[in-house]
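Protein chains in written order, with the numbering used here: chain A, 339 to 770; chain B, 339 to 770.
Just so you know, even glycine gets a beta-carbon here, dropped at the ideal spot from N, CA and C.
What follows is a short report on a single structure.
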């Protein structure tokens, strides 16, 4: 029986495994974690709206009824592309006939890897609970702090990067300060917090059309967020951020900085470079062919955030002939996962798989209560209807019916009470 | 205005603060954590039924509407009983007129503090997610392990201590192995797991009447748990447990051991001993007077798990004149918290507070689905009605309406599907 090994249980890997249901193949899904994580809602864990268990579903549960799938908890460490073996940490080898690599992305600090200490990014459950700790602890520390300057530093929050994640975090932080914590403290006024959203390009949500960027910026300003575009961060430490802009160099004293500016791929990309001759782009994504395979290795497919997949005119509104790679978003990974499964089955039938074609169904970003932007290419809108659509789509794609019910209830309570239910400070406090 | 300082936001401290609503006192509640934890359901987090956020509620939310209460995140480190100052870690001093100490209990390993590494106890959210990690990881490791003896050690679970927590953990573990994971693995059969429940006294649930202990033991055996009573644990390490019984010395190879055998009090008990002349019992509980105050310090009250409060015949069915201290359970702490508030208000009016009297409303312990024991003194029953009562009481006392709804839904899903929704392996893996 044809053996398919999938690395990664994110959107790409999970949708590939599901699309192989009932097929005459033996599937092994390898992941370092035992759960599929719904990353688009991770910022809601970081901001105390949801609990980790509500946006994660055990991979074994999701695939339990699929008898041709085996789930293995393990870390892919190396590859023997001649012998067609995936080597796990601890030296176990898993033989494959087709390998699907979908190990996703992680935070990237460009030339400053040390910034990860003071400006955590948002990629895992642990990241999210650590950021939740940092945010909530800042208000607690401010409440106790008698010195006004140090109190102000506790109440200053800097988010680096104004893509969808940065905008979502900034909006949620503003709602925490303005609404959730309004009556909770006696010495401080949380609504006096400063929330700064820094972005290198000239506008927030740079991948969206300009009109929607402008709408998002208005919503942010209304919430009390200060978007600063066209700035470059030159230093981050425990006490704040230094930035450069047209106005010169500026220092912001802030005890809480969050990174939402850059990602790179899993270490597995370098393994593919060394062991299978793959070419990586500047963000270490694997440049794949039209069938998502590594050139020279039709039996190795790379999908999702790890893949650099060029497709002319993938988005309406972009100039034709544009060779921008597909963005690292869930719909791309889902479609590539399903494509990978179909293409394996086509080859088993002796057919040549058709080239992968991304169907762009639109882009969404949420800012806060009743504030979101939607870009369907022809249709673009923002405000309440965009927000309702965002809610609907996210509930729809959340894995497991139980999680949909729990998240729906949490959102309902939050909408009615302005309170956030998962405001726990757990784990160790990194610094006082 | 009379200043009341409460240390600890568990059942004792929270109920004291709530009972002071509207009273002409200034209340400061100090806790190391920003949330009230519903400890009776902590084992359900450890066994993947509930998420941490569902059994915890932010103290600030719970007390936001009570204008005379201030919540302070901080750790009580020392006491100046002459100057009536509570000293926090970091040297801030909080002045009090009355101090209520309700800092609770923590795990205690008697003469073997090193056992905490290999046999974690269940007292905090972090403990619960670490135990959840240990339990779920053991099945994952067994699935990958080719050697039968090592596989068996991964599938052997030892719980030390058969009080309510130990019985609850053992029952839940058996249900995970028998039902939840039944179809999830391809190489192992989770239902072949061995679950051993070790207890030093001659029966499980030793504080319950003998007939209920026997009923609980039958339920455990039915679930496949092996209760071993009258045994003494002499060694615990990463590879297993050594125990002594009437049959001699025995070694159990097990990669997962959980501690549910002993508790001691917070370090604050020793501070009270040194700074206020308090006397501690063998479990380091503070021996309090009939009004719960430290002898010689009517302005310092100790309540909840930290207090050694004797009360003759506190339980029906116990011989009269029995001087056993009240047990460390939630109802005792709640009643003592309310009493502390009433007694402060009585003194402010110039009255002498009446002595504290515990009204025992009964004891409950749950084993698993449709299996629980209830001891109301005169009425004792077990099985389905006891289980339904247990569910009802725990939902009723859970703080915040939202959590009640979420937990109710989680339980409903689990009852119908046998699945557990919060089966995440998070944090670092302690050992391979």
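Look at the Cβ atom of residue 674(B), then the Cβ atom of residue 697(B), and state whether they are nearer than 8 angstroms.
no
Inter-residue spacing [alpha-carbon to alpha-carbon] between residue 585(B) and residue 566(B)
12 angstroms
Output the distance between the C-alpha atoms of residue 344(B) and residue 630(B), rounded to the nearest integer angstrom.
14 angstroms
Proximal chain B residues relative to residue 743(A), where beta-carbon distance stays under 7 angstroms:
747
Three-state secondary structure (DSSP) of residue 682(A):
helix
Leaving out the 5 sequence neighbours to the left and right, which residues in its chain are closer than 7 angstroms to residue 722(A) when beta-carbon positions are compared?
708
Whose Cβ in chain A lies nearer than 8 angstroms to the Cβ of residue 413(B)?
Here the premise fails: no neighbours, minimum Cβ distance about 10 angstroms.
Looking at residue 706(B) and residue 512(B), is the spacing between their C-beta atoms short of 8 angstroms?
yes
So, at 7 angstroms on beta carbons, what are the nonlocal neighbours of residue 624(A) in its own chain, with the 5 sequence-adjacent residues on each side left out?
607, 610, 616, 618, 632, 640, 644, 645, 646
Can a CB atom of chain B be found closer than 8 angstroms to the CB of residue 593(A)?
no
Cβ-based burial, residue 352(A) [other Cβ within 10 Å; buried from 16]:
buried
Residue 391(B) versus chain A: which residues are under 7 angstroms apart at the beta carbon?
389, 759, 760, 762
Buried/exposed call for residue 506(A), threshold 16 Cβ in 10 Å
buried
Enumerate, from N- to C-terminal direction, the unbroken beta strand (DSSP E) stretches of 3 or more residues contained entirely within the segment 363 to 402 of chain B.
363 to 369, 373 to 375, 394 to 396
Name the chain A residues whose beta carbon is nearer than 8 angstroms to that of residue 474(B)?
372
Could you check the C-alpha separation between residue 752(A) and residue 357(A) for me, to the nearest Å?
36 angstroms
Do residue 426(B) and residue 413(B) have their C-beta atoms closer together than 8 angstroms?
yes
For residue 666(A), which of 440(A), 747(A), 597(A), 475(A) has the nearest alpha-carbon?
440(A)
Assuming residue 510(B) contacts residue 385(B) (C-beta within less than 8 angstroms), just tell me the rounded distance between them.
4 angstroms
Please list the segments of the alpha helix (DSSP H) lying wholly inside the segment 705 to 764 of chain A, counting only runs of 4 or more residues, in order along the chain.
722 to 735, 739 to 755
Starting from residue 414(A) and walking both ways along the beta strand (DSSP E), at which residues does that stretch end?
414 to 418
Strictly below 8 angstroms CB to CB, what residues from chain B border residue 765(A)?
464
Measure the C-alpha to C-alpha separation of residue 376(B) and residue 409(B) and round it to an integer number of angstroms.
18 angstroms
Does the distance from the C-beta atom of residue 703(A) to that of residue 554(A) stay below 8 angstroms?
yes
Counting only beta-carbon separations shorter than 8 angstroms, does residue 793(B) have a partner in chain A?
The shown model of chain B, from 339 to 770, leaves out residue 793(B), and the question about it has no answer.
Let me know the secondary structure DSSP gives residue 602(B) once reduced to three states.
strand
Under 7 angstroms by beta carbon: chain A residues contacting residue 478(B)
372, 411
Taking DSSP's pairing of strands, which residues face residue 675(B) in a bridge?
According to DSSP, which records beta bridges pairwise, residue 675(B) is partnered with nothing at all.
Would you mind stating whether residue 474(A) and residue 380(A) have Cβ atoms separated by less than 8 angstroms?
no
Assuming residue 365(A) and residue 432(A) form a contact by the criterion Cβ under 8 angstroms, report the distance between their Cβ atoms to the nearest whole angstrom.
Their Cβ separation, rounded to whole angstroms, is 11 angstroms, which puts residue 365(A) and residue 432(A) out of contact at 8 angstroms.
Does the separation of the CB atoms of residue 532(B) and residue 493(B) fall below 8 angstroms?
yes
Given that residue 394(B) touches chain A, what residues does it touch there, using C-beta distances under 8 angstroms?
762
Distance, Cα to Cα, residue 575(A) vs residue 540(A)?
25 angstroms
Determine which residues of the segment 513 to 525 of chain A have a Cβ less than 7 angstroms from any Cβ of chain B, and write them out in chain order.
521, 522, 524
Residues of the segment 414 to 434 of chain B whose Cβ lies closer than 8 angstroms to any Cβ of chain A, in chain order:
428, 430
Please tell me whether residue 680(B) has its Cβ less than 8 angstroms away from any Cβ of chain A.
no
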